[in-house]
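> Protein sequence lines, in the order shown, are assigned to chains A and B.
Just so we're aligned: 12 in full-length UniProt numbering is position 12 of the first sequence, and the numbers increase by one with no gaps anywhere.
Just so we're aligned: 38 in full-length UniProt numbering is position 38 of the second sequence, and the numbers increase by one with no gaps anywhere.
I'd like to ask you about the structure that follows.
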Amino acid sequence: MPAAQLFNDCADCHSIEASIDVRKRWLCRECFIKYIGSKPVKRVKSYRLKEEVTEQPQKLLLPVSGGVSSVVLLQILDGLLQRQFSNRGRKPYELHLLMVEAPSLVSDRSVAATFNRLKQKFPSHTCSLVPLPEVFKLDSSICEDLSDLGAQRGKTPQASLDTLLSCSKTASSRTDVLQLLLTRLIVAFAKVNACNAILWGHSNSRLAAKALSSVSKGRGGYLPFDIADGPTPWGIAFYYPLRDLFKSELVMYTNALPDDFSGLVVHDLASVPTYTALRATSIDDLLSAYIDNQGEKYPSLMANVVRTAGKLQMPVSAMKQSASICGICAMPIPETMASQESDESNICYACQRLRLETISPRGP
Amino acid sequence: MAPNPCALCTDSRAVIIRPKNHQKLCRACFISLFEREIHETITASALFQPGERIAIGASGGKDSTVLASVLKTLNDRYNYGLKLLLLSVDEGIKGYRDDSLETVKRNAVQYDMPLEIVGYDELYGWTMDQVVAQVGKKGNCTYCGVFRRQALDRGAAKLGIKHVVTGHNADDFAETVMMNLLRGDLPRLARATSILTASPASDIKRSKPLKYAYEKEIVLYAHHKQLDYFSTECIYSPEAFRGSARTLIKDLEKIRPSSILDIVRSGEDMARLVPPELLSSSSCDGGIDGEEEAKSGCGSTKGRSGHGEMVDLEKRLAENEAASAQETEVTLSSANDRPLDVVQAKPKPKPFSIHDKRQKGRRKAAAQQMGKCERCGYLSSQRICKACMLLEGLNKNRPKTTIEIGVEDEDSSTTLMRQVASLEIPSAGTGSIDEQS
């Protein structure tokens, strides 16, 4: 082993005693913060967002759940932008923060309170708080698109949401529908606000869970669109700057930062693995728990899942206008399938499965 | 009317809840539905040609027994015109294979099919008991898998048969998809998802008619048809990637019964997304003899190598990452503990494929050149086939055996090996297994 570890001084600066073990290297607090911060910054730079800058700086939408990952991403990008501004006098892009108010997505801490704290802490960015039912206003075609899942236009957006959610027969389908609505809301919001891309706060662990979850639901045929950086069939690019960092590292990072920061984070937002009632667990939760469990023992293995899935290549035809797109999830339908199951060719295999777990709306 | 009528015939009482979709069925409807679905799989994929001679890879376990029974039924019912026979591999595992082979022998009588048994000891000079005594519990399934693949092919070749069917079921396929995703092996993922594998260089086809059949339904079918099968799992199979994937899949099945088929579907679709250059520069030594099937004769679907496999890969990946971290981060003064920062353009010669011991020189390797193994003549993309490589390792360590280099004649060498085997390892039983775990 390196001599560094023997004396336990920081593997990077060699001057301070190391206190944090990150991927088999011992670092001091400062260097650890620097190390974690450097990863998403490298990613963001690799997106070459500024090269496309014309007169208007690019606008990037950053959806924030209030959980560890998204708040860390916000903190790091905010720092980057401030440095860039003080160096060059201008920002290569603007961040637009979006929080979605959806009672069922967040634990008991109120979203509004988190939103206000974030707004105070990061005043230089535009912030929006949007309730989930707004998706029925922002996304004009949503009721038609999701009619197979039971969507009907109600008197109010909230009524439409309640109707749709009441159609889900299982925890999995409910989670899937909620996730779908959330994605559609964020995409629609980004488009309405002329954002150039969406920056997601997914950690490596989250992406790995998402990849396995997609495969488990029959969505393997467009896995790259679920986890890769770049253009998507939604018509807007998705980027995942935290793709190199594990969830546990992000938690360590918040703990290493000054106290006022970790107070911002709503800890343990979603993952409450309940093994007691497996049937009532959703597929997403099961795979998050699996990644968390295995990730403790085999962190690099789980990271490799994302890397492996990232090697898959969507055929060029998938991004063409003519490609047949699933009406529900917007993903391209593999051509072989479109011909085989022609009667339902506007819904992909996985969404047909999802439909089986929802109660059809009343009437034919 | 029966109190709980069958969803199909509505006459009889439903006694089965179909694992696949929770449909309530009577015994007769379940059996005919199960058979019809296999028939549809066979016809949809055009697996068989009339008049074809088919060897059923038979282990005596539930899958291959059900496969034999269903194929016989369908062959008669739909006039496939197939000539079916049973082909068994004797790995030489006492307390497991010798008993299951008895089952296969009874099956041969019950189904009126000829039976051929090929043994590891005659083919390789090693029984699995002896291999385990030598290499330990960890990793021995690699040997078994590679040996079996060749053994089935050689058995088929001996009988002049060009098509071997095996009892891989939907659960196995789903496991394989997940497992290969977990260990980052896309080439194998792509290969392993197809129902029919035929290589232009090989004249023996492999197919898996039970690809879409659930393991639970296979058990139900065997139970309700009162088939005679052997249910003990291989005593050497430990948990590994497959074990991890297996647990996951069972949980998924509980949440959403269709998950297994959904994963199979994902695997098929993902196979089309694997970039061609990855496919040709195959990560394992030789696409053909690098088996894609851990299972067929294991009885258990649990694993091919010890759970050390996961630990090993984890370690290797972590090392890769530490190395690449050093390359980029160690730009200032720091004293390098390891001189790794030299390689910049192509960081570490170790790719993420775990089976690759050697360094691949070119990035885009040309498509595999299939040829014959120099030692045994078996089809191989390498100069020496994988089985012979493994054998060389085994024989090197076998006491009082001279290292055999350049042995050209397979027959004499295996005879030699066999003689030595019987001489040198008298009680090659379970001696070292406990130590290993």
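The C-beta atom is built at its ideal place from N, Cα and C for all residues, glycine as well.
Quick caveat, the model's predicted, so the values are computed rather than measured.
What residues from the segment 21-36 of chain A come within 8 Å of chain B, judged by C-beta to C-beta, listed N to C?
For the segment 21-36 of chain A, which is checked against every Cβ of chain B, the residues closer than 8 Å are R23, K24, R25, Y35.
> Let me know if A:I333 comes out buried or exposed under the rule of 16 or more other beta-carbons within 10 Å of its beta-carbon.
Residue mapping note: residue 333 of chain A aligns to position 333 of the first sequence, counting from 1. The residue in question, A:I333, is buried, as its Cβ has 16 or more Cβ neighbours within 10 Å.
> Looking only at C-alpha atoms, which of B:D172, B:L87, B:L227 sits nearest to B:K158?
Against the second sequence, residue 158 of chain B aligns to sequence position 158. It is B:L87.
> Would you give the residue range spanned by the beta strand (DSSP E) that A:T126 belongs to?
Sequence index remark: in the first sequence, residue 126 of chain A carries index 126 (1-based). Taken as a continuous stretch (DSSP letters only), the beta strand (DSSP E) holding A:T126 covers 126-131.
> Chain B beta carbons: is any one of them nearer than 7 Å to that of A:T308?
What you label residue 308 of chain A is simply residue 308 of the first sequence in a count that begins at 1. It does: the Cβ of A:T308 has a partner Cβ on chain B nearer than 7 Å.
> Under three-state DSSP, which class holds A:L354?
Position 354 of the first sequence, counted from the first residue, corresponds to residue 354 of chain A. Helix, per DSSP.
> From the DSSP output, read off the bridge partner residues of B:K208.
By one-based count along the second sequence, residue 208 of chain B stands at place 208. DSSP lists no partner for B:K208.
> For A:P332, list the residues DSSP reports as bridge partners.
The count along the first sequence starts at 1 and reaches residue 332 of chain A at position 332. Bridge partners of A:P332: A:I325.
> How many Å lie between B:G243 and A:K191 at the Cα?
By one-based count along the second sequence, residue 243 of chain B stands at place 243. By one-based count along the first sequence, residue 191 of chain A stands at place 191. Whole-angstrom Cα-Cα distance: 45 Å.
> What do you reckon, are the CB atoms on A:L211 and A:M302 nearer than 7 Å?
Counted from its first residue, the first sequence places residue 211 of chain A at position 211. Counted from its first residue, the first sequence places residue 302 of chain A at position 302. In the sequence under discussion, the amino acid at residue 211 of chain A is Ala, which differs from the Leu named in the question. Taking 7 Å as the Cβ cut-off, A:A211 and A:M302 do not qualify as a contacting pair.
> Hey, would you say B:A318 sits closer than 7 Å to A:S300, going by beta carbons?
Translated into positions along the second sequence, residue 318 of chain B becomes position 318. Translated into positions along the first sequence, residue 300 of chain A becomes position 300. Against a cut-off of 7 Å, the Cβ pair of A:S300 and B:A318 comes out as a contact.
> Looking at the unbroken beta strand (DSSP E) that takes in B:A271, where does it start and where does it end?
Start at 1 with the first residue of the second sequence, and residue 271 of chain B comes out as number 271. Unbroken run through B:A271 is the alpha helix (DSSP H), 259-271; no beta strand (DSSP E).
> What does a CB cutoff of less than 6 Å around B:I117 pick up in its chain, not counting 5 residues either side in sequence?
As a first step, residue 117 of chain B is located in the second sequence; it is residue number 117 there, counting from the start. Contacts found: S88, D90.
> Select from the segment 18-36 of chain B all residues with a C-beta closer than 7 Å to any C-beta belonging to chain A, and list them in chain order.
Result list empty, no residue passes.
> Where A:R48 and A:P92 are concerned, what is the direct C-alpha to C-alpha distance, given to the nearest angstrom?
In the first sequence, counting from the first residue as 1, residue 48 of chain A sits at position 48. In the first sequence, counting from the first residue as 1, residue 92 of chain A sits at position 92. Each residue's alpha carbon lies about 10 Å from the other.
> Mind reading off the beta-carbon distance from A:I36 to A:D148? Whole number of angstroms is fine, and I expect it under 8 Å.
Stepping through the first sequence from its first residue, residue 36 of chain A is reached at position 36. Stepping through the first sequence from its first residue, residue 148 of chain A is reached at position 148. Not really, about 43 Å apart at Cβ, beyond 8 Å.
> Give the residues from the segment 278-289 of chain A that approach chain B closer than 7 Å (Cβ to any Cβ), ordered along the chain.
Correct list: L278, R279, T281, I283, L286.
> Check whether the Cβ of A:G263 lies closer than 7 Å to any Cβ atom in chain B.
For the purposes of this step, residue 263 of chain A is identified with residue 263 of the first sequence, where counting begins at 1. No, A:G263 does not count as interfacial toward chain B.
> Excluding the 5 residues preceding and the 5 following B:I161 in the sequence, name in chain order all residues of the same chain whose CB lies nearer than 6 Å to its CB.
One-based indexing of the second sequence puts residue 161 of chain B at position 161. R53, A55, listed in sequence order.
> Count the other C-beta atoms from every protein chain shown that fall within 10 angstroms of the C-beta of B:K396, then say buried if there are 16 or more, exposed otherwise.
As a working mapping, residue 396 of chain B is identified with position 396 in the second sequence. Under this definition B:K396 is an exposed residue.
> Looking at the strands, I want to know which residues DSSP matches up with A:E94.
As a first step, residue 94 of chain A is located in the first sequence; it is residue number 94 there, counting from the start. In DSSP, A:E94 forms a bridge with A:K59.
> What whole-angstrom Cβ distance do B:I93 and B:D121 have, given they're in contact under 8 Å?
Within the second sequence, residue 93 of chain B is the residue found at index 93, counting from 1. Within the second sequence, residue 121 of chain B is the residue found at index 121, counting from 1. Between B:D121 and B:I93 the Cβ distance is about 11 Å, and since that is not below 8 Å, they are no contact.
> Verify the CB distance criterion: does B:A245 have a CB-CB separation below 7 Å to chain A?
Start at 1 with the first residue of the second sequence, and residue 245 of chain B comes out as number 245. No, B:A245 does not count as interfacial toward chain A.
> On a Cα-Cα basis, can you pick out the residue from B:A213, B:Y214, B:I195 that is closest to B:K205?
Looking up residue 205 of chain B in the second sequence gives position 205. The option with the nearest alpha carbon to B:K205 is B:I195.
> Select from A:F261, A:C348, A:M252 the residue whose C-alpha is nearest the C-alpha of A:R23.
As a working note, residue 23 of chain A is residue 23 in the first sequence. When each option's Cα is compared against that of A:R23, the closest is A:M252.
> Roughly how many angstroms lie between the CA atoms of B:L189 and A:S216, to the nearest whole one?
In the second sequence, residue 189 of chain B corresponds to position 189, counting from 1. In the first sequence, residue 216 of chain A corresponds to position 216, counting from 1. Going from the Cα of B:L189 to the Cα of A:S216 covers about 15 Å.
> Starting from the beta carbon of B:S45, find every residue of chain A whose beta carbon is closer than 9 Å, and list them in chain order.
Taking the first residue of the second sequence as position 1, residue 45 of chain B is located at position 45. Per Cβ cutoff of 9 Å: no residues; B:S45 is ~13 Å from chain A at best.
> Please name the residues in the segment 290-303 of chain A whose beta-carbon is closer than 9 Å to at least one beta-carbon of chain B, in chain order.
Cβ contacts with chain B come from Y290, Q294, K297, Y298, P299, S300, L301, M302, A303.
> Specify, as a first and last residue, the run of the beta strand (DSSP E) that B:K83 falls within.
In the second sequence, counting from the first residue as 1, residue 83 of chain B sits at position 83. Here the beta strand (DSSP E) through B:K83 covers 83-90.
> Using a Cβ-Cβ distance under 7 Å, would B:P276 count as near chain D?
Given the protein chain composition of this structure (A and B), no chain D is represented.
> Please go through the same chain and pick out, in chain order, the residues whose beta-carbon is closer than 8 Å to the beta-carbon of B:K211, but skip the five residues on each side of it.
Here residue 211 of chain B refers to the residue found at position 211 when the second sequence is read from its first residue. Same-chain partners within the cutoff: T41, H168, N169, A170, F173, I195, V264.
> Would you say A:A188 and A:D139 are within 7 Å of each other, going by their C-beta atoms?
Reading the first sequence from its first residue, position 188 is the one you call residue 188 of chain A. Reading the first sequence from its first residue, position 139 is the one you call residue 139 of chain A. Yes, these two residues count as a Cβ contact at 7 Å.
> Measure the beta-carbon distance from B:L74 to B:E35 and round it to whole angstroms, keeping in mind my assumption that it falls under 8 Å.
As a first step, residue 74 of chain B must be located in the second sequence, where it is residue number 74. As a first step, residue 35 of chain B must be located in the second sequence, where it is residue number 35. That pair is a contact at about 6 Å.
> I believe residue 365 of chain A touches A:V72 by the beta-carbon criterion, under 8 Å. Please report the beta-carbon distance rounded to the nearest angstrom.
Residue 365 of chain A is absent from the structure shown; chain A starts at 1 and stops at 364.
> Would A:Q313 pass as an interface residue toward chain B - the criterion being a Cβ-Cβ separation below 7 Å?
Along the first sequence, read from residue 1 onward, the residue named residue 313 of chain A stands at position 313. At least one chain B Cβ lies under 7 Å of A:Q313.
> Using a cut-off of 7 Å between C-beta atoms, extract the partners of A:R219 located in chain B.
Numbered from its first residue, the first sequence carries residue 219 of chain A at position 219. Residues of chain B passing the Cβ test: S266.
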